[in-house]
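Protein chains: 2
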Amino acid sequence: MPDVVLDQIAQFMTINATERAAFSAICRPRTLRKKELLLREGDVCRFAAFVRTGCLRYFYSVEGAEHTGQFFFENSWYTDYASFLTGEPTRQSIQALEPTELFLLHRDDLEALYRTHPTFERFGRVMAERAFLGVRHRTEFLTNLSAEERYRQLLRERPKVLERVPQHYIASYLGVKPESLSRIRKRLLGGG
Amino acid sequence: MPDVVLDQIAQFMTINATERAAFSAICRPRTLRKKELLLREGDVCRFAAFVRTGCLRYFYSVEGAEHTGQFFFENSWYTDYASFLTGEPTRQSIQALEPTELFLLHRDDLEALYRTHPTFERFGRVMAERAFLGVRHRTEFLTNLSAEERYRQLLRERPKVLERVPQHYIASYLGVKPESLSRIRKRLLGGG
DNA sequence: TCGTTTTCCTAACCCAGGTCAACGTTTTCG
DNA sequence: CGAAAACGTTGACCTGGGTTAGGAAAACGA
């Protein structure tokens, strides 16, 4: 069943049939309805999630407002690596924006897998590196670009997001209010 | 000589005399004058740096302006982990804000060390995790707080920065102009 | 030591984005 | 299907921070 995941993993490491089987064994399928939360603020994140179909976003709740951190579509990975690592409660909530199918890898299962099949240590490291590169990209995105530039970059680099995600979530991802995003879009339509 | 580094490392892993010697052997001392650059935009970051004394900051140059990302005082580590990992040129520059003494760990030396003394793999992982937690903290700092809140948090959590770093660098770290930081400070003095 | 930077502050004015409120459209779901 | 909720847009007005232009004091370097 988790062939998609395994194919994805096979892109950065070689795995034989036994290893594939061992990995498959710990993939726990899970489905979420639209708007359902997979993790909420205060929980400890004890898993990594692979999105088979659908879409997730994570967000912070700050004084009543939601600040969206990232969107995840099919064939991408999500985990709150900080909470996963340290066992501390997360400040993020993770929500499905569409009906979503996932595989969950529980931390305990993963650690057992590392012991029985050390090849997968590499998997762990790659996940960590991706998590790092992800937040770093996000930081540079926020510090180095204006709201309008952020919108244009998103439009250029991830048009799928604009197509599939309601605009007010995109606004919160860009760090502006829905009204402002609406104005930015109008400005860009007129000015070219 | 690099006893400070070794003591620091000993806090998260146990190392015997042989390992200490092997590690010491790859520590390359380096001094920087005030304002000198250790790495500039476009370079590949092939080292991790341990600050013995003094202070570093890294920054992005964006349309003539500098956006400071972080400050590093004595006994802390800096590396552009993304460039270090991928071999891609960095977008950051790293500069000494005071006369600064460093130990540099070159990537090739580190990799050799991992082979001869696998214990140090743990060192690598811990560095990676810290790098991750560092940028993640930075992202939350930027997304979830206003300029004034960011200043107050800095004042509360890292008063040393306020004491030792010129105010215009702090402004650029907070994501505002020096004039704005000056106003924020005035506001806080008056209002309590 | 003395001139040159560097650093910090102030004030007047400007603008991107926030706030509030209203309104039309689309989606959702009983 | 029809009511209710969610969504996107617009307008009027406000505000935090940017911009520009000073000027004084502290730190630096020849």
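Respectively, the protein sequence lines represent chains A and B.
Every number in the working numbering is 1347 more than the matching position in the first sequence, counting from 1.
Every number in the working numbering is 1347 more than the matching position in the second sequence, counting from 1.
Each residue gets a CB set at the ideal place from its N, CA and C atoms; glycine is no exception.
Would you kindly work out how many angstroms separate the C-alpha atoms of residue i and residue j, rounded to a whole number?
i: B/R1393; j: A/P1525; result: 43 angstroms
i: A/Q1500; j: B/V1391; result: 25 angstroms
i: A/Q1296; j: B/R1438; result: Because chain A here runs from 1348 to 1539, residue 1296 of chain A falls outside it and cannot be looked at.
i: B/V1409; j: B/E1388; result: 11 angstroms
i: A/K1533; j: A/A1518; result: 14 angstroms
i: B/A1478; j: A/K1382; result: 32 angstroms
i: B/V1398; j: B/W1424; result: 6 angstroms
i: B/F1419; j: B/G1401; result: 8 angstroms
i: B/S1527; j: B/L1384; result: 27 angstroms
i: B/G1539; j: B/P1506; result: Bear in mind that the predicted position of B/G1539 carries a pLDDT of just 49, short of 50, making it unreliable; the figure below should be weighed with that in mind. Their backbone Cα atoms lie some 17 angstroms apart in a straight line.
i: B/E1510; j: B/L1386; result: 25 angstroms
i: A/R1503; j: B/M1360; result: 45 angstroms
i: A/T1433; j: A/L1452; result: 17 angstroms
i: A/V1523; j: A/L1444; result: 19 angstroms
i: A/L1551; j: B/A1459; result: With chain A covering 1348 to 1539 only, the question about residue 1551 of chain A has no answer from this structure.
i: A/T1486; j: A/Y1405; result: 16 angstroms
i: A/F1488; j: B/S1493; result: 17 angstroms
i: B/S1440; j: B/L1353; result: 27 angstroms
i: B/R1288; j: B/Q1358; result: Outside the displayed range of chain B (1348 to 1539) lies residue 1288 of chain B, so it cannot be described from this structure.
i: A/D1350; j: A/E1366; result: 13 angstroms
i: A/E1607; j: B/N1422; result: Outside the shown range of chain A, which is 1348 to 1539, sits residue 1607 of chain A, and nothing can be said about it.
i: A/N1327; j: B/H1464; result: This structure cannot speak to residue 1327 of chain A, because chain A is shown only from 1348 to 1539.
How would you write the range of the alpha helix (DSSP H) that residue i sits in, first residue to last?
i: A/R1377; result: Note, A/R1377: premise wrong, no alpha helix (DSSP H); beta strand (DSSP E) at 1375 to 1379.
i: A/S1430; result: 1428 to 1433
i: B/V1398; result: B/V1398 -> not in any alpha helix (DSSP H); beta strand (DSSP E) instead, spanning 1394 to 1400.
i: A/S1519; result: 1514 to 1521
i: A/M1474; result: 1468 to 1491
i: B/K1507; result: 1506 to 1511
i: A/D1390; result: That residue, A/D1390, is in no alpha helix (DSSP H); it is neither H nor E in DSSP.
i: A/Y1356; result: The displayed chain sequence assigns Ile, not Tyr, to residue 1356 of chain A. Segment 1350 to 1356, the alpha helix (DSSP H) holding A/I1356.
Between the Cα of residue i and the Cα atoms of the options, which residue gives the shortest distance?
i: A/G1411; options: B/N1491, B/A1364, B/A1368; result: B/N1491
i: A/F1450; options: A/T1426, A/F1467, A/R1472, A/L1432; result: A/T1426
i: A/A1429; options: B/L1386, B/K1507, B/R1483, B/L1444; result: B/R1483
i: A/T1447; options: A/R1503, A/I1356, A/T1378; result: A/T1378
i: B/M1474; options: B/H1414, B/A1395, B/L1521; result: B/A1395
i: A/R1375; options: A/D1456, A/L1536, A/E1413; result: A/D1456
i: B/E1496; options: B/F1431, B/L1535, B/F1470; result: B/L1535
i: A/P1513; options: A/A1369, A/Y1407, A/T1415, A/Q1355; result: A/T1415
i: A/E1435; options: B/L1480, B/Q1355, B/A1368, B/I1373; result: B/L1480
i: B/I1356; options: B/Y1407, B/Y1520, B/F1470, B/E1413; result: B/F1470
i: B/V1508; options: B/E1413, B/Q1417, B/R1472, B/A1368; result: B/Q1417
Against chain A, does residue i count as a neighbour if the rule is that its beta carbon must be under 8 angstroms from one of theirs?
i: B/G1539; result: Caution applies to B/G1539, whose pLDDT of 49 falls short of 50 and renders its modelled position unreliable; the value that the coordinates give is listed next. No, no contact with chain A.
i: B/T1486; result: yes
Could you tell me whether any Cβ in chain B is nearer than 8 angstroms to the Cβ of residue i?
i: A/Y1428; result: yes
i: A/G1434; result: no
i: A/I1517; result: no
Terminal residues of the continuous beta strand (DSSP E) containing residue i?
i: B/R1462; result: First-last for B/R1462: 1454 to 1463, but that is the alpha helix (DSSP H), not the beta strand (DSSP E).
i: A/Q1417; result: 1412 to 1420
i: A/L1385; result: 1384 to 1386
i: A/Q1442; result: 1439 to 1443
By the 8 angstroms beta-carbon criterion, what residues does the stretch 1401 to 1416 of chain B contribute toward chain A?
Y1407, V1409, H1414, G1416
Looking at chain A, which residues of the stretch 1466 to 1482 of chain B have a Cβ within less than 8 angstroms of any of its Cβ atoms?
R1472, A1475, E1476, A1478, F1479, L1480, V1482
Check each residue of the stretch 1489 to 1509 of chain A: if its Cβ is closer than 7 angstroms to any Cβ of chain B, include it; give the result in chain order.
L1489, T1490, N1491
Where the stretch 1378 to 1399 of chain A meets chain B: residues whose CB sits under 7 angstroms from a CB there
none
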